[in-house]
Structure formats: structure tokens, C-alpha cells
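Novice: A single structure is presented below for examination.
Residue numbers (this note's numbering): -16 to 137.
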């Protein structure tokens, strides 16, 4: 091996080491971001009031009702009306907490998307990403798609 080949290998080795160090730094930052996002998620709550003003509900980060409050006017309402009001307010509170969750997780998701894939580091290596993610690598992912399963109240 001549001097030029050795220098070429050293240069390539330095480049790979630099990439690995950058990845390790990004992972450490990502862990800190994940811990902060987890702390925020643990305390996520949302409140909503029904359109008729009879009911106010609070939900946790999963959209589960943790508190229901009725106004004095609720005593003059029917059970059916109160049921609709609780459902309406609960759906709105759940929608709001889903939006909060998406916003809290957006920085973590963006960091994951920005990380290099295995073929970015090793030529010819298989991708570790999902096939659809590899195809859309240059597009910003839409992480809100999984949250649209429930109907929205109007």
C-alpha cells in the first residue's frame, strides 16, 4: 500500500469517525428531548366546555375523562341532553389533548427523521427505515395521521 492509498484510507476513516461522533451527539440530544417530552406528556391535560355551557370536562393525555363538572343549569336539562353535552365536551377535550401531544412530540419526531440512515454511512447497506419513509425521505413526515381515528365534534 503506497502513501496515497494510506492517506485516502485515513481521510475516509476520519470522515466516518466524524459522522459517528455527530450521530452520538445527536442521540444524546435526542435522549434529552425525549425525556423532556415525556415529562410534558405525563402532565398533559385538556379541558373543554359543551356548546350549551352545561358541562365542563377534563381529560388526561390519553383522552380519558378525569373530571366532569355540571353547571347549575344542568339540573334543568334532560338526561339525553346532558349525555350529548358530556360527549361533545369530551370529544373536544380529547381532540385538544391529541393536538398538544403532536406538538410535544414534533421536535423528537423531527430529530428522528433528520438522523442519517445506514446507507448514508455505509455504501450499499440496507435501509433501516420503513419502505414508505425511504421513498419520502426528503418530505417532512405527517405524524398526525394516527390521531384521526375518532370523529371530531363541531
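We treat Cβ as the ideally placed atom computed from N, Cα and C, and that holds for glycine.
Drop a sphere of 10 angstroms on the beta-carbon of residue 63, count the other beta-carbons inside from all chains shown, and report buried for 16 or more, exposed for fewer.
Specialist: Here residue 63 is taken as the residue at index 80 of the chain shown, counted from 1. Looking at its Cβ environment, which holds fewer than 16 other Cβ atoms inside 10 Å, residue 63 is exposed.
Novice: Can you grab the Cα-Cα spacing for the pair residue 92 / residue 60, in whole Å?
Specialist: Sequence index remark: in the chain shown, residue 92 carries index 109 (1-based). Sequence index remark: in the chain shown, residue 60 carries index 77 (1-based). Roughly 45 Å between the two C-alpha positions.
Novice: Hey, how far is the Cα of residue 42 from the Cα of residue 56?
Specialist: As a first step, residue 42 is located in the chain shown; it is residue number 59 there, counting from the start. As a first step, residue 56 is located in the chain shown; it is residue number 73 there, counting from the start. Take the alpha-carbon of residue 42 and the one of residue 56: they are about 22 Å apart.
Novice: Could you tell me which whole beta strand (DSSP E) segments of length 3 or greater appear in the stretch 37 to 99?
Specialist: If we require 3 residues or more, the beta strand (DSSP E) runs fully inside the stretch 37 to 99 come out as 38 to 43, 48 to 53.
Novice: Quick one: residues in its chain with C-beta nearer than 8 Å to the C-beta of residue 99, no 5 flanking neighbours on either side, listed in chain order?
Specialist: Position 116 of the chain shown, counted from the first residue, corresponds to residue 99. Cβ neighbours of residue 99 beyond the five flanking positions: 2, 6.
Novice: Give a yes or no on whether the C-beta atoms belonging to residue 65 and residue 20 are separated by under 8 Å.
Specialist: Here residue 65 refers to the residue found at position 82 when the chain shown is read from its first residue. Here residue 20 refers to the residue found at position 37 when the chain shown is read from its first residue. No.
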